[in-house]
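Everything on this sheet refers to the single structure shown next.
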């Protein structure tokens, strides 16, 4: 019975740590760039776009497709940065837990 109570206590502790981690990730911001910094996008930890900056030299009617590609590339760069930080924080939090490989947390 003692082991069960200890396990329950650990589960509550882990739940609180996951909640704290999720709150921290929600405040996270990452900026992705494309075109050597001509286009930059800032995303939050919830993948919401917070800022978009476009160098004025790119705003030409005949180069719209290039601009669209750069915006997508900057967005994807910022998204991968947010995902990387999330993975690092989750890995640090779950260190030592017997979690099957490939299982993504938080659920």
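In the UniProt record's numbering, the protein residues as written are 1 to 107. Here a beta-carbon is modelled for each residue, glycine too, at the ideal position from N, C-alpha and C.
- Within the region 1–40, the runs of alpha helix (DSSP H) that reach at least 4 residues and sit entirely inside it are, in chain order, 2–27.
- Nearest Cα to residue 70 within the set 36, 84 and 24: 36.
- The beta carbon of residue 38 sits closer than 8 Å to those of 54, 55, 57, 58 and 70, all from its chain and outside the five residues before and after it, given in chain order.
- DSSP places residue 46 outside any beta strand (DSSP E), giving it a letter other than H or E.
- With a beta-carbon spacing of about 11 Å, residue 85 and residue 43 fall beyond the 8 Å limit used to define contacts.
- About 5 Å separates the beta carbon of residue 89 from that of residue 21, a gap short enough to meet the 8 Å contact definition.
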